[in-house]
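When you number the sequence shown by the working numbering, it's gap-free, plus one each residue, and the end is 79.
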Amino acid sequence: MQNKLFLKAADICELLEVKQTSAYEIIGNLNKELEEQGYLTLRGKVPTKYFVKRFVVFLHGIVHTHSRNIPVAGQGFF
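The following block contains the structure:
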């Protein structure tokens with residue numbers, strides 16, 4: 002999952018330890034938020050930076066979730 006610009010349902014399942022149905026619901030909700038802000042979205046994917054902003058602690062370019070450390074691609078998005 003290193004340096005991905007977008008996360009898919011499988012990525013969210015792993016990060017949040019949820020089922021695929023829940024992951025797709027999360028993606029849909031996040032994409033709806035982005036659309037309301039005027040952003041274009043991709044069905045079934047969510048920008049990694051936005052996911053981080055909404056769900057996990059972001060510190061020094063590393064996502065800390067449970068015992069995993071995942072580098073995040075790009076800076077200055079959202």
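Every residue, glycine too, gets a C-beta built ideally from N, C-alpha and C.
These figures come from a predicted structure and were not determined experimentally.
Asked                                                                                                                                              : Found
So, at 7 Å on beta carbons, what are the nonlocal neighbours of L31 in its own chain, with the 5 sequence-adjacent residues on each side left out? : V47, Y51, F52, R55
Counting only runs that start and end within the region 17 to 49, where is the beta strand (DSSP E) found for 3 or more residues in a row?         : 46 to 48
In three-state DSSP terms, what is K54?                                                                                                            : helix
Measuring only the C-alpha atoms, how far is E26 from E34?                                                                                         : 12 Å
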